[in-house]
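A.B. asks: Chains V and L are the protein sequences, given in the same order. So for the first sequence, the UniProt record's numbering puts the first residue at 1; every next one is plus one. So for the second sequence, the UniProt record's numbering puts the first residue at 1; every next one is plus one. For glycine and all other residues, C-beta sits at the position ideal for the given N, C-alpha and C. Computed from a prediction, not measured in an experiment: that's the story for all the values here.
There are 2 protein chains.
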Amino acid sequence: MNFKSILFSVNVLASIICTAQTNQIKVIEDFKPSSVNQQGKLYPQVNSERRVRASILAPQANKVQLDLGGIKYDMVKDEKGIWTGVSEPQDEGFHYYQLNIDGASVPDPGTVYFYGAGRLGSAIEIPAADQEFFAIRDVPHGLVSENIYFSKLTNSFRRCFVYTPANYNEDSKTRFPVLYLQHGSFEDETGWAVQGKANLILDNLIASKKSVPMIIVMDNGYAYKPQSNDSRQESVFEEVVIQEIIPMIDTKFRTIANRENRAIAGLSMGANQTMRIMMNNLDIFSHYGGFSGTSNYPSADAIDVNSFLDGKFKDGETINKKIKLFWLGLGTKEPSPFPGSVRAFRKMLEKQSIKYVYYESPETAHEWLTWRRCLNQFASKIFK
Amino acid sequence: MNFKSILFSVNVLASIICTAQTNQIKVIEDFKPSSVNQQGKLYPQVNSERRVRASILAPQANKVQLDLGGIKYDMVKDEKGIWTGVSEPQDEGFHYYQLNIDGASVPDPGTVYFYGAGRLGSAIEIPAADQEFFAIRDVPHGLVSENIYFSKLTNSFRRCFVYTPANYNEDSKTRFPVLYLQHGSFEDETGWAVQGKANLILDNLIASKKSVPMIIVMDNGYAYKPQSNDSRQESVFEEVVIQEIIPMIDTKFRTIANRENRAIAGLSMGANQTMRIMMNNLDIFSHYGGFSGTSNYPSADAIDVNSFLDGKFKDGETINKKIKLFWLGLGTKEPSPFPGSVRAFRKMLEKQSIKYVYYESPETAHEWLTWRRCLNQFASKIFK
């Protein structure tokens, strides 16, 4: 038995095993290419049951899997060496995934790539019933601008993306309120303007007059002091926001530079960070949005209002006067510890008689459709 | 012999074969992570000989190759299932590549991804001796803005990226000249601002007063008429530039909207396209840059000036009066047919006594370091 015939035997054997495993799935054959595929790429595809079908040419591989939502689905090889596999039905919205080829976890060559889950990799878009709110439509479009700057506090080059609404360039005088909008853990400053579709959501809201035109600043929530050899990593994100980003934005862009016209919001880790920044700087911000997160994360214990965030929530009356909108959102399918910690936080707000708005995204988990919907709700309520 | 032991035998056998093939290479062990790796990723790496070392975990794979510069280098597996391979020395600059795992051609999970060669995939940056001109430096940085628009001519949403220089936002009155800058075949509107580093090149040129501050518009050179079922694909890129892009840019941005303050340039296919657009619209543009391409491509035959581009080069005297700069650039290592067709084109220019500037990029082929250098040269000469 020579090398090639061993290989051939292994492949045939593998095909038989995988076919046996996956032939049991009955799927509806109405698959269509995912909307986030590279141009001209037919796979991956999604069907009306919200199943994902992936496909890749790998003639010499022993085992290929679709790794999606924490499950590795075996794929099956055809006579041309093309492996194909189908997932269980997925939630509506945007999900990261990868292919696994003989133990190598790699991006699917069929998709565009997104930064999330700590890597630049593949994702699938499962069409949502309400997707028109983030669709590209024939309305006036704002710009998303990459802004590079040197940060003295971190001794590094950083960048943010800045959304300016369509009418920003119509005249040279109008000034705009600003929303500072943050990503979650293992994500970066690209998240909101790429998979978050913040620009398209705002274009649509502004065109239908549901939102006032505003600037949105999306920076990177990871910011650390320059390290000496033996020092621990110390976050200076709040200092970067207050001392570097806001003054830069107020200089470079036509903002209305006062607290009434500044909002801050974030998702998950970003909700946690921005709540802390908000409460430490009520002279700078007047609107807060927490999407799938609060600063008591991950605890579901009752909050001691005297010690939590240095007692910043103790005086409910003053908070109600100063904060024009305190907004929280959560997906109904979010896993622990998110529902528990958000619930504990809401109880504290209620005990303190602090006014807030609470929104639930139906049938979504700790993922981007939840956060697109949160932004859509939140952005329609601020600066009014 | 069960399934697992067959697999094991195949892997061991494959390792022995590959080791035998690659152990002969003597390499200098001063490899460093490539500058276009994803944050925190150690591989791929480049050494002082300009060799590339790639590495990937693929414990069950039979064969893994590094596919770079038209050569597939066998990689070797260690006891942990990590495959590693080293290439021959590469040219300085930016090269696309991929990994091949048991016949599957996939992006390397270690790198950032770039659109080129018709796909979004991996690339390696081999440090260039002159790389300071496109490095990120502590100088004022301009913005790169994504601009989405609906094109009636193609009946589709399109986008361009627009560079505005650092001083664009300093006041609301100053107006700027505009360079329209095009990518090559199998590339798109992202090329110039990502791997082309057009923004950093201009930031550096403007900071050192080698260039005048200018706006750069980078759009997609693929633009087709909406197709009826049986019609051939018909490019309308020139019409999109003249009827849609230029009026949009002159409305949205503070341009100096006259021919003296408009340049057009492109690389390869983009050089070919923009030369045609330039010569058809001398009332609109006054500066031309052709990087690694001309409109007689791919022919190296002597050009018949009466028929070439409808005789647009017949009247050398008028051309010398109207065109303020006619600029051509080429890498010294470019493959056929580029040197031949550019040579034939230059002979025609000389025969017509048409003034032009010719630049050669040392030791680079039909790749991005050639084009970064071309832009660096060209941008320092226009609008003066």
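Quick check on S55 (chain L) - is its C-beta less than 7 Å from some C-beta in chain V?
C.D. replies: The residue given as residue 55 (chain L) occupies position 55 in the second sequence. Against chain V, the CB of S55 (chain L) has no partner CB under 7 Å away; the residue lies outside that interface.
A.B. asks: Can you tell me whether DSSP reads residue 388 (chain L) as helix, strand or coil?
C.D. replies: Outside the displayed range of chain L (1 to 384) lies residue 388 (chain L), so it cannot be described from this structure.
A.B. asks: By the 9 Å beta-carbon criterion, what residues does the stretch 100–125 of chain L contribute toward chain V?
C.D. replies: I101, D102, G103, A104, S105, V106, P107, D108, P109, T111, V112, Y113, Y115, G118, R119, L120 and G121
A.B. asks: Put I136 (chain L) into one of helix, strand or coil per three-state DSSP.
C.D. replies: Locating residue 136 (chain L) in the second sequence gives position 136, where the first residue counts as 1. Here I136 (chain L) sits in coil by DSSP.
A.B. asks: Mind checking who R175 (chain V) pairs with in its DSSP beta bridge?
C.D. replies: Mapped onto the first sequence, residue 175 (chain V) falls at position 175. Beta-bridge pairing links R175 (chain V) to no other residue.
A.B. asks: State yes or no: is the beta carbon of D74 (chain L) nearer than 7 Å to at least one beta carbon in chain V?
C.D. replies: The residue labelled residue 74 (chain L) in the question sits at position 74 within the second sequence. Not an interface residue.
A.B. asks: At 3 residues or longer, what runs of the beta strand (DSSP E) sit wholly inside the stretch 226–284 of chain L?
C.D. replies: Runs found: 262–267.
A.B. asks: Rounded to whole angstroms, what's the CA-CA distance from Y267 (chain L) to V106 (chain V)? Just pull it up for me.
C.D. replies: As a working note, residue 267 (chain L) is residue 267 in the second sequence. As a working note, residue 106 (chain V) is residue 106 in the first sequence. With the sequence shown as reference, residue 267 (chain L) is identified as Leu, and Tyr is not the correct amino acid for it. One C-alpha to the other measures close to 32 Å.
A.B. asks: Tell me whether the beta-carbon of residue 385 (chain L) lies closer than 7 Å to the beta-carbon of G340 (chain L).
C.D. replies: There is simply no residue 385 (chain L) to check, as chain L begins at 1 and stops at 384 in what is shown.
A.B. asks: Any Cβ of chain L within less than 7 Å of the Cβ of N62 (chain V)?
C.D. replies: Working through the first sequence from its first residue, we reach residue 62 (chain V) at position 62. Judged by the 7 Å Cβ criterion, N62 (chain V) is in contact with chain L.
A.B. asks: Which residues of chain L have a Cβ atom closer than 9 Å to the Cβ of P59 (chain V), listed in chain order?
C.D. replies: For the purposes of this step, residue 59 (chain V) is taken as the residue at position 59 of the first sequence. Residues of chain L passing the Cβ test: D102, G103 and A104.
A.B. asks: Is the beta carbon of F186 (chain V) closer than 7 Å to that of G290 (chain V)?
C.D. replies: Along the first sequence, one-based indexing puts residue 290 (chain V) at 290. Along the first sequence, one-based indexing puts residue 186 (chain V) at 186. Going by C-beta atoms, G290 (chain V) is not nearer than 7 Å to F186 (chain V).
A.B. asks: With a cut-off of 7 Å, does the C-beta of F150 (chain V) fall near any C-beta of chain L?
C.D. replies: Residue 150 (chain V) sits at position 150 when you count from the first residue of the first sequence. Judged by the 7 Å Cβ criterion, F150 (chain V) is in contact with chain L.
A.B. asks: Relative to the C-alpha of F133 (chain V), which residue among V:N199, V:V236, V:I284 and V:A61 is closest?
C.D. replies: The residue you call residue 133 (chain V) lines up with position 133 of the first sequence. Cα-wise, what sits closest to F133 (chain V) is V:N199.
A.B. asks: Using a Cβ cut-off of 7 Å (strictly closer), state whether K252 (chain V) contacts chain L.
C.D. replies: Counting from 1 along the first sequence, the entry for residue 252 (chain V) is found at position 252. Answer yes: the Cβ-Cβ gap between K252 (chain V) and chain L drops below 7 Å somewhere.
A.B. asks: How would you label S208 (chain V), buried or exposed, when you count the other beta carbons within 10 angstroms and need 16 or more for buried?
C.D. replies: Translated into positions along the first sequence, residue 208 (chain V) becomes position 208. S208 (chain V) should be labelled exposed.
A.B. asks: With 7 Å set as the bound, which would you pick, yes or no: does the beta-carbon of I249 (chain V) sit closer than that to a beta-carbon of chain L?
C.D. replies: By one-based count along the first sequence, residue 249 (chain V) stands at place 249. No, I249 (chain V) does not count as interfacial toward chain L.
A.B. asks: Residues in the same chain with beta-carbon distance under 6 Å from R373 (chain V), minus the five sequence neighbours each way, listed in chain order, please.
C.D. replies: Indexing the first sequence from 1 puts residue 373 (chain V) at position 373. So the list reads S361, once near-sequence residues are dropped.
A.B. asks: Express the C-alpha separation of K381 (chain V) and W327 (chain V) in angstroms, rounding to a whole number.
C.D. replies: For the purposes of this step, residue 327 (chain V) is taken as residue 327 along the first sequence, with counting starting at 1. For the purposes of this step, residue 381 (chain V) is taken as residue 381 along the first sequence, with counting starting at 1. Approximately 9 Å between the Cα atoms of the pair.
A.B. asks: Looking only at its own chain, which residues have a Cβ that is under 6 Å from the Cβ of L179 (chain V), when we skip the five neighbours before and after it?
C.D. replies: Position 179 of the first sequence holds residue 179 (chain V). Taken in chain order, the residues that qualify are M214, I216 and A263.
A.B. asks: Measure the CB-CB distance between Q377 (chain V) and Y356 (chain V) and report whether it falls below 7 Å.
C.D. replies: Sequence index remark: in the first sequence, residue 377 (chain V) carries index 377 (1-based). Sequence index remark: in the first sequence, residue 356 (chain V) carries index 356 (1-based). The answer is no: Cβ separation not under 7 Å.
A.B. asks: Closest Cβ-Cβ distance between N147 (chain L) and chain V: below 7 Å?
C.D. replies: As a first step, residue 147 (chain L) must be located in the second sequence, where it is residue number 147. By this cut-off, N147 (chain L) is an interface position.
A.B. asks: For a test of the three-state rule: what should DSSP assign to I319 (chain L), helix, strand or coil?
C.D. replies: Taking the second sequence and counting its residues from 1, one reaches residue 319 (chain L) at position 319. In this structure, I319 (chain L) counts as helix in the three-state DSSP scheme.
A.B. asks: Among residues of its own chain, excluding the 5 on either side of H366 (chain V), which ones have a beta-carbon nearer than 8 Å to its beta-carbon?
C.D. replies: Walking along the first sequence from the start, residue 366 (chain V) turns up at place 366. Taken in chain order, the residues that qualify are S268, S292, G331, E334, P335 and F338.
A.B. asks: Our contact map puts R158 (chain L) next to N220 (chain L) with C-beta atoms below 8 Å; I'd like the distance itself, whole angstroms only.
C.D. replies: Taking the second sequence and counting its residues from 1, one reaches residue 158 (chain L) at position 158. Taking the second sequence and counting its residues from 1, one reaches residue 220 (chain L) at position 220. Contact holds; Cβ gap of about 6 Å.
A.B. asks: By DSSP, does D310 (chain V) sit in helix, in strand, or in coil?
C.D. replies: Your numbering for residue 310 (chain V) matches position 310 in the first sequence. Reduced to three states, the DSSP call for D310 (chain V) is helix.
A.B. asks: Given a limit of 9 Å on CB to CB distance, which residues of the stretch 81–96 of chain V reach chain L?
C.D. replies: G81 and W83
A.B. asks: Strictly under 7 Å for the Cβ-Cβ distance: is T22 (chain L) near chain V by that measure?
C.D. replies: On the second sequence, position 22 is the one that residue 22 (chain L) refers to. For T22 (chain L), the predicted model reports a pLDDT of 49, less than 50, meaning its position is unreliable; a value from the coordinates is still stated below. T22 (chain L) does not count as touching chain V.
A.B. asks: Could you work out which residues of chain L lie near F157 (chain V), taking near to mean beta carbons separated by less than 7 Å?
C.D. replies: For this step, residue 157 (chain V) is matched to residue 157 along the first sequence. By Cβ distance, chain L contributes I136.
A.B. asks: Within the continuous alpha helix (DSSP H) that includes G340 (chain L), where are the two ends?
C.D. replies: Against the second sequence, residue 340 (chain L) aligns to sequence position 340. Segment F338 to K351, the alpha helix (DSSP H) holding G340 (chain L).
A.B. asks: N100 (chain L) bridges to which residues according to DSSP?
C.D. replies: Along the second sequence, read from residue 1 onward, the residue named residue 100 (chain L) stands at position 100. Answer is L:Q65 and L:S105.
A.B. asks: Any beta carbon of chain V sitting closer than 7 Å to that of S172 (chain L)?
C.D. replies: Here the question's residue 172 (chain L) lines up with position 172 in the second sequence. So, interface residue.
A.B. asks: Under the three-state reduction of DSSP, which class applies to R50 (chain L): helix, strand or coil?
C.D. replies: As a working note, residue 50 (chain L) is residue 50 in the second sequence. Three-state result, R50 (chain L): coil.
A.B. asks: Around the Cβ of L181 (chain V), are there at least 16 other Cβ atoms within 10 angstroms (buried) or fewer (exposed)?
C.D. replies: Locating residue 181 (chain V) in the first sequence gives position 181, where the first residue counts as 1. Buried is the call here.
A.B. asks: Where do the N-terminal and C-terminal ends of the alpha helix (DSSP H) with T111 (chain L) fall, by residue?
C.D. replies: Here residue 111 (chain L) corresponds to residue number 111 of the second sequence, with the count starting at 1. Here T111 (chain L) belongs to no alpha helix (DSSP H), and DSSP marks it neither H nor E.
A.B. asks: Considering only residues of the same chain and omitting the five flanking positions on each side of T164 (chain V), which have a CB-CB separation below 6 Å?
C.D. replies: Working through the first sequence from its first residue, we reach residue 164 (chain V) at position 164. Same-chain partners within the cutoff: G142, L143 and I215.
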